[in-house]
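**Q** Quick note on my numbering: the sequence shown kicks off at 548 and runs consecutively.
Just dropping this structure here.
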Amino acid sequence: MIYIKLDENKEIIDKKNINFFAKIKDKFKKIREEKNEDKTLIVIKDVNSKTLNALSKYIKKNCINRVCISNNLLTNNTFMNYIRKENVRILDGKWLFKHLASNCADYICKCKKENLGYQEISFLSNGISDIIVENIKDISSKVRILNVITQDEKKFRKIEKELYEQKGIILNMNNNYKKSLMKSDIIFNFDFSEEEINKYSLPKRTCIINFNESIKINIKSFQGINVDFFEIPMPRKYLKNSIYLNDFDNSILYESYIYKNTSSKNIINEIIKDGVNISFLSGKSGRIRKNEYLNLSKKIAN
Numbered sequence: 548m549i550y551i552k553l554d555e556n557k558e559i560i561d562k563k564n565i566n567f568f569a570k571i572k573d574k575f576k577k578i579r580e581e582k583n584e585d586k587t588l589i590v591i592k593d594v595n596s597k598t599l600n601a602l603s604k605y606i607k608k609n610c611i612n613r614v615c616i617s618n619n620l621l622t623n624n625t626f627m628n629y630i631r632k633e634n635v636r637i638l639d640g641k642w643l644f645k646h647l648a649s650n651c652a653d654y655i656c657k658c659k660k661e662n663l664g665y666q667e668i669s670f671l672s673n674g675i676s677d678i679i680v681e682n683i684k685d686i687s688s689k690v691r692i693l694n695v696i697t698q699d700e701k702k703f704r705k706i707e708k709e710l711y712e713q714k715g716i717i718l719n720m721n722n723n724y725k726k727s728l729m730k731s732d733i734i735f736n737f738d739f740s741e742e743e744i745n746k747y748s749l750p751k752r753t754c755i756i757n758f759n760e761s762i763k764i765n766i767k768s769f770q771g772i773n774v775d776f777f778e779i780p781m782p783r784k785y786l787k788n789s790i791y792l793n794d795f796d797n798s799i800l801y802e803s804y805i806y807k808n809t810s811s812k813n814i815i816n817e818i819i820k821d822g823v824n825i826s827f828l829s830g831k832s833g834r835i836r837k838n839e840y841l842n843l844s845k846k847i848a849n
């Protein structure tokens with residue numbers, strides 16, 4: 548795991564207390580490795596082919612399989628086109644986002660000034676995974692109704708049976724384009740494409756959380772909120788590292804700290820222990836103001 552950032556300081560060779568030959572060497576060095584405790588930061592001078600070739604050699608030599616990228620590189624098309632071709636996982640916050648589904652529901656209800664226990668929540672998912680199962684278990688016990696909209700109901704029969712036998716909770720599963728989502732207060736979209744989601748009739752006022760990619764809602768009557776990312780405050784235990792890596796997005800940075808091969812239940816427990824909460828949700832136009840959620844309130848007539 549390495550952190551990569553673009554060095555925007557053009558005056559590096561003018562640093563004091565560095566001899567002449569070190570200055571010349573630094574001037575022509577394309578990538579620079581910096582260590583801070585167990586974190587490795589790679590600083591690149593630019594995004595030309597020689598620099599990216601040097602970075603590729605470093606990645607292969609050190610068997611790097613995950614990378615966390617600074618803000619100034621995330622918006623650099625040349626670099627992003629390059630890194631997507633490397634055989635590495637690019638941390639983007641989406642893995643963490645899925646583990647924060649319950650936090651998102653709490654945040655939305657707080658902004659709407661409504662009780663989570665009175666909400667109807669729908670999951671859109673054709674596939675099933677550990678994190679989806681954990682979210683279903685967690686959220687189903689907190690809300691009035693939980694729906695699963697899927698093209699493959701067989702995948703969800705086990706969790707449906709488990710919820711009913713162990714907790715007496717009924718998991719609603721259906722795929723009616725006109726009726727499935729019409730009463731949903733919050734919709735969690737785990738893997739539906741833009742084309743798929745626009746086939747359904749949607750409530751005029753609902754909040755859609757897209758965990759994978761940005762989705763455009765083409766339904767003219769839609770007046771709800773369409774979310775594609777989130778912001779969190781960095782937990783205190785990681786603040787020291789975050790000062791060192793201050794050119795990185797907090798949400799992606801925190802994902803890099805807790806990302807590991809373990810059960811989603813363990814990850815959620817770690818998130819709870821760290822006291823992580825949602826600061827803001829964002830959409831196509833950036834941060835969604837907290838008072839905008841009041842427009843989704845059930846007190847407002849449709």
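A virtual CB, placed ideally from N, CA and C, is assigned to each residue, including glycine.
Note down, in chain order, each residue of its chain lying with its Cβ closer than 7 Å to the Cβ of I678, except the 5 sequence neighbours on either side.
**A** For I678, the CB contacts under 7 Å within the same chain, skipping 5 residues up- and downstream, are K645, H646, S811 in chain order.
**Q** Hey, P750 and D775: beta-carbon distance below 9 Å or not?
**A** no
**Q** Can you tell me which of F827, G822, I779, Y806 puts its alpha carbon nearest to the alpha carbon of W642?
**A** Y806
**Q** List the whole-angstrom C-beta distance separating N721 from N736, where the pair is believed to meet the contact cut-off of C-beta under 8 Å.
**A** Going by Cβ atoms, the distance from N721 to N736 rounds to 16 Å, so no, they are not a contact pair.
**Q** Go through its chain and collect everything with a Cβ distance to V680's Cβ below 6 Å, but skip five positions before and after it.
**A** I706
**Q** Taking Cβ to Cβ, would you say S669 is nearer than 9 Å to V695?
**A** yes
**Q** So, with DSSP's three-state summary, where would you put N816?
**A** helix
**Q** For I772 versus Y840, is the C-beta spacing smaller than 9 Å?
**A** yes
**Q** Please classify Q666: is it buried, with 16 or more other beta-carbons within 10 angstroms of its beta-carbon, or exposed?
**A** buried
**Q** With respect to the alpha helix (DSSP H) encompassing R704, which residues constitute its N-terminal and C-terminal limits?
**A** 704-714
**Q** What is the rounded straight-line gap between the Cα of K787 and the Cα of K586?
**A** 12 Å
**Q** Given N619, which residues of its chain have a CB within under 8 Å of its CB, disregarding the five upstream and five downstream residues?
**A** Scanning its chain for C-beta atoms nearer than 8 Å, with the 5 sequence neighbours on each side dropped, one finds around N619 the residues K552, L553, E555, D794, in chain order.
**Q** By DSSP's criteria, G833 is part of a beta bridge. Which residues make up the other side?
**A** G830
**Q** Check F626 in the structure and name its three-state DSSP category.
**A** helix
**Q** Taking only three categories from DSSP, how would you classify F739?
**A** coil
**Q** Give me the residue from Y724, L843, S687, K730 with the minimum Cα distance to Q713.
**A** S687
**Q** Considering V680, what are the terminal residues of the alpha helix (DSSP H) in which it resides?
**A** 677-687
**Q** In this structure, what does DSSP give as the bridge partners for L693?
**A** The bridge partners DSSP lists for L693 are I668.
**Q** Among M729, G830, S826, S832, which residue has its Cα nearest to the Cα of K657?
**A** Selection M729, G830, S826, S832 evaluated against K657 yields S826 as nearest (Cα-Cα).
**Q** If we ignore side chains and look at the alpha-carbon of each, how far apart do E742 and E700 end up?
**A** 20 Å
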